[in-house]
Amino acid sequence: MDVVTAQEMYEWDQVAIESSGLEGKLLMENAGRAVCFDLEKKLSKHQKIVILIGGGNNGGDGFVIARTLLNLGYSIEAWQVVPDSKVEGGSHFHKRLLENSGFPLYHLEQITEIRESLVGADVIIDAMLGIGMKGRLRGLIRQVVALSNEQEAFRIAVDLPSGVPADEGIDVDQAFEADYTCIIAAVKISALVENTRVYYGEWNVVEIGLPVKKLPSSTRKVWQWEDAKRAFPKRRANSHKGSHGKGLIVGGAANMPGSIAMSARATLRSGAGLLTVAAPGSAIQNVAPYVQEATFLPLQEDSGVVNGQIDTDVSNYDGVALGMGMGRRLKSHKLVEDLVCKVESPLLIDADGLYQLKDILHLVKERTNPTVLTPHPGEFAHLVDQSISTIVNAPFYYSRKFSETYGVYTVLKGPVTIITAPDGRQYVDLTGNAGLAKGGSGDVLSGILLAMMLQSNSIMDALNIGCMVHGLTAEMLTESEHSMVDLLATDLIEGLSQTFRTFSF
Ligand SMILES: NC(=O)C1=CN([C@@H]2O[C@H](COP(=O)(O)OP(=O)(O)OC[C@H]3O[C@@H](n4cnc5c(N)ncnc54)[C@H](OP(=O)(O)O)[C@@H]3O)[C@@H](O)[C@H]2O)[C@@H](O)CC1
Ligand SMILES: Nc1ncnc2c1ncn2[C@@H]1O[C@H](COP(=O)(O)OP(=O)(O)O)[C@@H](O)[C@H]1O
Ligand SMILES: [K+]
Numbered sequence: 001m002d003v004v005t006a007q008e009m010y011e012w013d014q015v016a017i018e019s020s021g022l023e024g025k026l027l028m029e030n031a032g033r034a035v036c037f038d039l040e041k042k043l044s045k046h047q048k049i050v051i052l053i054g055g056g057n058n059g060g061d062g063f064v065i066a067r068t069l070l071n072l073g074y075s076i077e078a079w080q081v082v083p084d085s086k087v088e089g090g091s092h093f094h095k096r097l098l099e100n101s102g103f104p105l106y107h108l109e110q111i112t113e114i115r116e117s118l119v120g121a122d123v124i125i126d127a128m129l130g131i132g133m134k135g136r137l138r139g140l141i142r143q144v145v146a147l148s149n150e151q152e153a154f155r156i157a158v159d160l161p162s163g164v165p166a167d168e169g170i171d172v173d174q175a176f177e178a179d180y181t182c183i184i185a186a187v188k189i190s191a192l193v194e195n196t197r198v199y200y201g202e203w204n205v206v207e208i209g210l211p212v213k214k215l216p217s218s219t220r221k222v223w224q225w226e227d228a229k230r231a232f233p234k235r236r237a238n239s240h241k242g243s244h245g246k247g248l249i250v251g252g253a254a255n256m257p258g259s260i261a262m263s264a265r266a267t268l269r270s271g272a273g274l275l276t277v278a279a280p281g282s283a284i285q286n287v288a289p290y291v292q293e294a295t296f297l298p299l300q301e302d303s304g305v306v307n308g309q310i311d312t313d314v315s316n317y318d319g320v321a322l323g324m325g326m327g328r329r330l331k332s333h334k335l336v337e338d339l340v341c342k343v344e345s346p347l348l349i350d351a352d353g354l355y356q357l358k359d360i361l362h363l364v365k366e367r368t369n370p371t372v373l374t375p376h377p378g379e380f381a382h383l384v385d386q387s388i389s390t391i392v393n394a395p396f397y398y399s400r401k402f403s404e405t406y407g408v409y410t411v412l413k414g415p416v417t418i419i420t421a422p423d424g425r426q427y428v429d430l431t432g433n434a435g436l437a438k439g440g441s442g443d444v445l446s447g448i449l450l451a452m453m454l455q456s457n458s459i460m461d462a463l464n465i466g467c468m469v470h471g472l473t474a475e476m477l478t479e480s481e482h483s484m485v486d487l488l489a490t491d492l493i494e495g496l497s498q499t500f501r502t503f504s505f
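Each residue of the sequence shown is one higher than the last, beginning at 1 in UniProt numbering.
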């Protein structure tokens, strides 16, 4: 499932029209019909449906939807909310088709004319503005959106809720608050970004007959179950523990043994062959009973906090995860710097490890082996010197820029997690729920990611699978024995078994 900007979507439409000879108005017919086919699951013929039609091609889709649903026997009131002079090209063609089919079309000139219809509607369909929306809502459309939002009716948006831009990083002051959005051809970035995704409600993408072989390949995609099934590392019958990777987890502090313990247990539960946990000795005594399968390496410490370099040959490991529960004391800085320079296998840095990284990003950039950073927006904002709101409103832009600049994989965590490769390719993980919004979930994720990196030949596949396993486990547990309220990070670790069992390997 591709994720596009407005400009990329226009390019796709252009390529479709130029390369395959598909006419714009045919695409519009396909789009409108695909939306109707999807909406039939949501609508009933007893409902009073009002469709709001704008002047651009989104409005063009609206004319097709109105005609198609009317032909099917739905009770539709179609309102054109812009003057006739605004309806041109393909939209004008489809407006004529609607009228020539013998159906009425109402023209809105003042907001009072539509009040009664909106108040009495069971469903309001917004086909006013799509990817061509610019700036803030204005004129009559702004009033129509405000009045629609006040109604009890079920609100459906076509492609985008009017008032929401397709791209990220743009403030929205008012927009159609959809319960459901039927997205055309490809997910628009704003469906995945904090300040705009709330307007979409639930959503689905419909296919409109674009010539997929001719389209430019997209660098942004939603990672899906089929992708995970395809890429999941196979476990050969004659494998031995060395085949599944030897991992090292570094972190912990005397007053925070839980983080690293959870990461370590999650790594073991996710299939790693061998695991060593390096932590201050005073933390190890509390971690060890929880991960009997691991071996331990005491780190030099000062009052329960790591102090100094690591005293082992780190080239013996196939993957290293660093930072969980380590604390942010200056004395742990040396350890982070040491590992960034010495680890010759994939190195994942999370939590307090990220905090120590800001002034040694130039060393990260010099690494020739993969580096994976797994910040939440607060940690990422600190790393890139931006505010958290700037990051969450333009996460695709900032994580791509960061990954490309420093040559790292970035896992920007949140309700929508964005995974970016050093070459700028991005995958989006949509799994999980608010049961994960608790301390410890991220530690479990780091452990899972380390294990998947140890077992996969592709870092990107490993990160995508790991995020999906983490999120699906939360979903599965909150559908069965847990709720989003009581779910703990430790429950997640024990729930991994059920998720892994759903992969047939
Ligand atoms: N072949 C294709 O391209 C296909 C496209 N498809 C569909 O087309 C959609 C894109 O269509 P689009 O490019 O015509 O833009 P669109 O979203 O209708 O907006 C333009 C209109 O909005 C108005 N307007 C703008 N800002 C405004 C504001 N702040 N407040 C108020 N009004 C504002 C602007 O008015 P103006 O600025 O001219 O006064 C103009 O009238 C896309 O989302 C998909 O649904 C599908 O059918 C598949 C094939
Ligand atoms: N509302 C949510 N919906 C889905 N996933 C969430 C939500 N809140 C948090 N998560 C996930 O939970 C994890 C939290 O990680 P993090 O913030 O590092 O937690 P901690 O450091 O406290 O363990 C991330 O994987 C994130 O994607
Ligand atoms: K719309």
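For every residue, glycine included, the Cβ atom is placed at its ideal position computed from N, Cα and C.
For the alpha helix (DSSP H) that contains Phe500, what are its first and last residues?
Position 500 of the sequence shown holds residue 500. Here the alpha helix (DSSP H) through Phe500 covers 489-501.
Look at Leu348 and Val372 and say whether their C-beta atoms are less than 8 Å apart.
Residue 348 sits at position 348 when you count from the first residue of the sequence shown. Residue 372 sits at position 372 when you count from the first residue of the sequence shown. A contact, by the Cβ cut-off of 8 Å.
Going by DSSP, name the residue or residues bridged to Trp203.
Walking along the sequence shown from the start, residue 203 turns up at place 203. Answer is Thr181.
Within the present structure, is the beta-carbon of His470 separated from the nearest heavy atom of ligand 2 by less than 7 Å?
Counting from one through the sequence shown, the residue named residue 470 turns up at place 470. Yes, the Cβ of His470 comes within 7 Å of a heavy atom of ligand 2.
Going by the DSSP bridge assignment, what does Arg220 pair with across the sheet?
Looking up residue 220 in the sequence shown gives position 220. Paired residues: Gln426.
Could you give the residue range of the beta strand (DSSP E) that holds Glu77?
Here residue 77 refers to the residue found at position 77 of the sequence shown. Unbroken beta strand (DSSP E) run through Glu77: 75-80.
Does the pairing of the stretch 342-358 with the stretch 443-451 give three or more beta-carbon distances under 8 Å?
Yes: at least three Cβ pairs fall under 8 Å.
Would you call Asp461 buried or exposed, if buried means 16 or more other Cβ atoms sit within 10 Å of its Cβ?
For the purposes of this step, residue 461 is identified with residue 461 of the sequence shown, where counting begins at 1. Asp461 should be labelled buried.
Using the C-alpha atoms, what's the distance from His376 back to Gly62?
As a first step, residue 62 must be located in the sequence shown, where it is residue number 62. As a first step, residue 376 must be located in the sequence shown, where it is residue number 376. If I take the Cα positions, the gap works out to 40 Å.
Closer than 7 Å to a non-hydrogen atom of ligand 1 - does that hold for the CB of Gly209?
On the sequence shown, residue 209 is found 209 positions in, with the first residue counted as 1. Flag unset: Cβ of Gly209 not near ligand 1.
Would you mind sorting Lys95 into buried or exposed? The rule is 16 or more other CB atoms within 10 Å of its CB.
Indexing the sequence shown from 1 puts residue 95 at position 95. Buried, since its Cβ has 16 or more Cβ neighbours within 10 Å.
Here's the rule: buried if 16 or more other CB atoms are within 10 angstroms of the residue's CB, otherwise exposed. What is His470?
The residue you call residue 470 lines up with position 470 of the sequence shown. Classification for His470: buried.
Can you tell me whether Leu330 is buried or exposed, with buried defined as 16 or more other CB within 10 angstroms of its CB?
By 1-based counting over the sequence shown, the position of residue 330 is 330. Classification of Leu330: exposed, given that the 10 Å Cβ count is below 16.
Please specify which runs of the beta strand (DSSP E), each continuous and at least 3 residues long, are wholly inside the stretch 140-198, giving them in chain order.
Segments of the beta strand (DSSP E) lying fully in the stretch 140-198: 154-158, 180-184.
Output the distance between the C-alpha atoms of Trp79 and Val145, rounded to the nearest integer angstrom.
Taking the first residue of the sequence shown as 1, we reach residue 79 at position 79. Taking the first residue of the sequence shown as 1, we reach residue 145 at position 145. Looking at the two C-alpha atoms, the distance is approximately 13 Å.
If you draw a straight line from the C-alpha of residue 513 to the C-alpha of Pro165, how long is it?
Examination of residue 513 is not possible in this model, given that the chain is present from 1 through 505 alone.
Would you mind sorting His107 into buried or exposed? The rule is 16 or more other CB atoms within 10 Å of its CB.
As a working mapping, residue 107 is identified with position 107 in the sequence shown. Answer is exposed; the Cβ neighbour count stays below 16.
Taking the C-alpha atoms as reference points, what is the distance between Leu140 and Glu337?
Taking the first residue of the sequence shown as 1, we reach residue 140 at position 140. Taking the first residue of the sequence shown as 1, we reach residue 337 at position 337. Distance between the alpha carbons of Leu140 and Glu337 is about 59 Å.
Looking at Gly273 and Lys234, is the spacing between their C-beta atoms short of 8 Å?
As a first step, residue 234 must be located in the sequence shown, where it is residue number 234. As a first step, residue 273 must be located in the sequence shown, where it is residue number 273. It is not a contact, given that the beta carbons lie outside the stated cut-off.
Please work out which residues of its chain come closer than 8 Å, Cβ to Cβ, to Thr499, disregarding the five sequence neighbours upstream and downstream, and give them in chain order.
Taking the sequence shown and counting its residues from 1, the one referred to as residue 499 is at position 499. Around Thr499: Val469, Leu472, Thr473, Met476.
Please state the DSSP three-state secondary structure of Val72.
Here the question's residue 72 lines up with position 72 in the sequence shown. One detail in the question is off: residue 72 reads as Leu in this sequence, not Val. Note: Leu72 maps to coil in three-state DSSP.
Where are the alpha helix (DSSP H) runs, 4 residues long or more, that stay fully inside the stretch 365-436, in chain order?
Entirely contained in the stretch 365-436, the alpha helix (DSSP H) runs reaching 4 residues are, in chain order, 377-384, 388-393, 395-406.
What residue range does the alpha helix (DSSP H) around Asp126 cover?
Sequence index remark: in the sequence shown, residue 126 carries index 126 (1-based). No alpha helix (DSSP H) contains Asp126, which is instead part of the beta strand (DSSP E) from 123-127.
With 16 as the cutoff for other CB atoms within 10 Å, does Leu72 come out buried or exposed?
The residue given as residue 72 occupies position 72 in the sequence shown. Exposed, by the Cβ-count rule.
Residues in the same chain with beta-carbon distance under 6 Å from Glu344, minus the five sequence neighbours each way, listed in chain order, please.
As a working mapping, residue 344 is identified with position 344 in the sequence shown. Excluding sequence neighbours, Glu344 sits near Ser315, Asn369.
Helix, strand or coil for Ser333 per DSSP?
In the sequence shown, residue 333 corresponds to position 333, counting from 1. In the sequence under discussion, the amino acid at residue 333 is His, which differs from the Ser named in the question. In the structure shown, His333 sits in a helix (DSSP, three-state: H, G or I).
What are the boundary residues of the alpha helix (DSSP H) that includes Gly24?
Taking the sequence shown and counting its residues from 1, the one referred to as residue 24 is at position 24. Start and end: 24-39.
Quick check: what's the CA-CA separation for Gly21 versus Ser387?
For the purposes of this step, residue 21 is taken as the residue at position 21 of the sequence shown. For the purposes of this step, residue 387 is taken as the residue at position 387 of the sequence shown. Roughly 46 Å between the two C-alpha positions.
By how many angstroms is the C-alpha of Leu436 removed from the C-alpha of Ala261?
Here residue 261 corresponds to residue number 261 of the sequence shown, with the count starting at 1. Here residue 436 corresponds to residue number 436 of the sequence shown, with the count starting at 1. When rounded, the distance between both Cα atoms is 18 Å.
Within 10 angstroms of its Cβ, does Tyr216 collect 16 or more other Cβ (buried), or is it exposed?
Within the sequence shown, residue 216 is the residue found at index 216, counting from 1. Sequence check: residue 216 is Pro here, not Tyr. Flag for Pro216 reads exposed.
Below 8 Å, can you find three or more Cβ-Cβ pairs linking the stretch 189-200 to the stretch 49-65?
They do not touch, by the three-pair rule.
Take the Cβ of Thr431 as the centre, count every other Cβ of all protein chains shown within 10 Å, and call the residue buried at 16 or more, exposed below.
For the purposes of this step, residue 431 is identified with residue 431 of the sequence shown, where counting begins at 1. It counts as buried.
Does the beta-carbon of Phe37 have 16 or more other beta-carbons within 10 angstroms, so that it is buried, or is it exposed?
The residue you call residue 37 lines up with position 37 of the sequence shown. Exposed, since its Cβ has fewer than 16 Cβ neighbours within 10 Å.
Take Leu192 and list the residues in its own chain whose beta-carbon comes closer than 7 Å to its own, dropping the five residues that flank it on each side.
On the sequence shown, position 192 is the one that residue 192 refers to. Once the five neighbours on either side are set aside, the close Cβ partners of Leu192 are Val3, Val416, Val428.
Which same chain residues, not among the five before or five after Ala254, have their C-beta less than 7 Å away from its C-beta?
As a working note, residue 254 is residue 254 in the sequence shown. Hits under 7 Å: Pro280, Ser282, Ala283, Gly304.
Could you name the residues of the same chain whose beta carbon sits closer than 8 Å to that of Gly378, not counting the 5 residues immediately before and after it, in chain order?
Numbered from its first residue, the sequence shown carries residue 378 at position 378. So the list reads Ile388, once near-sequence residues are dropped.
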